[in-house]
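> Count along the sequence shown from 1, add 531, and you get the number used in our numbering.
Glycine is no exception: its CB is placed at the ideal position from the N, C-alpha and C atoms.
Computed from a predicted model, the values in this text were never measured in an experiment.
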Amino acid sequence: MTRQTVRRQVIRQNIVSALAVIACLVVLWIDVRTGLWSEVVVLSGIVGGLITFLLTAFVLRSTLARANARRWAPVNRLALTEFLHAIADEQRSELSRGIVVARSLSLATRDGADQPTHDELEALRTQALRDRQDLSRALSSWAEFLATNSDDDPVLLHVAQIAIQLDLVRDCAISQETAPTAENTAQLRAAITESNGRFAALVDELQRQIRVHDEDSTASH
Numbered sequence: 532m533t534r535q536t537v538r539r540q541v542i543r544q545n546i547v548s549a550l551a552v553i554a555c556l557v558v559l560w561i562d563v564r565t566g567l568w569s570e571v572v573v574l575s576g577i578v579g580g581l582i583t584f585l586l587t588a589f590v591l592r593s594t595l596a597r598a599n600a601r602r603w604a605p606v607n608r609l610a611l612t613e614f615l616h617a618i619a620d621e622q623r624s625e626l627s628r629g630i631v632v633a634r635s636l637s638l639a640t641r642d643g644a645d646q647p648t649h650d651e652l653e654a655l656r657t658q659a660l661r662d663r664q665d666l667s668r669a670l671s672s673w674a675e676f677l678a679t680n681s682d683d684d685p686v687l688l689h690v691a692q693i694a695i696q697l698d699l700v701r702d703c704a705i706s707q708e709t710a711p712t713a714e715n716t717a718q719l720r721a722a723i724t725e726s727n728g729r730f731a732a733l734v735d736e737l738q739r740q741i742r743v744h745d746e747d748s749t750a751s752h
């Protein structure tokens, strides 16, 4: 849970507290206007107790939320880094230095060849399957933990979208091998382009989230 999430929770809690105070004041005003002076003491005690309970509960909850965010920040960062490892090109990335190149799918460009070969399609299917397995492995390990923080929702959604897109690439490769037509080739290349774009978008989102966590961690010390 990042400082932005905690700040939003505090704002919502303050609004609810203010509404509760206003409601209590309205109740008191109605009581005074109707002349029910005999119940003023009892009513004021109830209202005071309610206000104290609400303010105490919200302040305590906010404090615990901030403490919990600081406590689990290293684990949250580790989870995001694991996803980054799962989608980074191992040959061109240097994650410790912040250099991350997203994985990408491709078909070899060959002069005078309109249709990909059997070997190309097989290699493409193998890579798509491997990439999907890497994402699924990271997702199964960290999805439950990251789901507790709404700031990480975009990451989980991007991962799911890439997994679906990789399935589409595989299916298009099978269709192309079964029926090698210009239309199937175009669909396959479009699916590859879309998949590569989603990989790049997820890298950007993960790096943004990691920067936010690092900034929050620095500010809390």
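1) Nearest-angstrom Cα distance between ALA659 and VAL700?
2) Give the secondary structure of SER619 by DSSP, where H, G and I count as helix, E and B as strand, and everything else as coil.
3) Does DSSP classify ALA610 as helix, strand or coil?
4) Taking Cβ to Cβ, would you say VAL743 is nearer than 8 Å to ILE618?
5) Cα separation between LEU801 and GLN622?
6) Tell me whether LEU556 is buried or exposed, calling it buried when 16 or more other Cβ atoms sit within 10 Å of its Cβ.
7) Three or more C-beta pairs closer than 8 Å, one from the region 628-639 and one from the region 718-726: is that the case here?
8) What's the gap between the Cα of GLU651 and the Cα of GLN707?
9) Taking the Cβ atom as the reference point for each residue, do ARG663 and ASP620 lie within a distance shorter than 8 Å?
10) Measuring alpha carbon to alpha carbon, tell me which of ALA694, ARG729, ARG720 and ALA604 ends up nearest ARG661.
11) According to the neighbour-count rule (16 or more other Cβ atoms, all chains shown, within 10 Å of its Cβ), is PRO647 buried or exposed?
12) Please determine if the region 708-715 and the region 672-692 are in contact, where contact requires at least 3 C-beta pairs separated by less than 8 Å.
13) What is the DSSP secondary structure of ALA710, counted as helix, strand or coil?
14) Distance, Cα to Cα, PHE730 vs THR657?
15) What is the rounded straight-line gap between the Cα of ASP682 and the Cα of LEU611?
Reading from the atomic positions:
1) 7 Å
2) Contrary to the premise, residue 619 reads as Ala rather than Ser in this sequence. Three-state DSSP puts ALA619 in a strand.
3) helix
4) no
5) There is no way to answer for residue 801, as the model of the chain reaches only from 532 to 752.
6) With fewer than 16 other Cβ atoms within 10 Å, it is exposed.
7) yes
8) Using only the alpha carbons, I get a separation of about 11 Å.
9) no
10) ALA694
11) buried
12) no
13) coil
14) 17 Å
15) 12 Å
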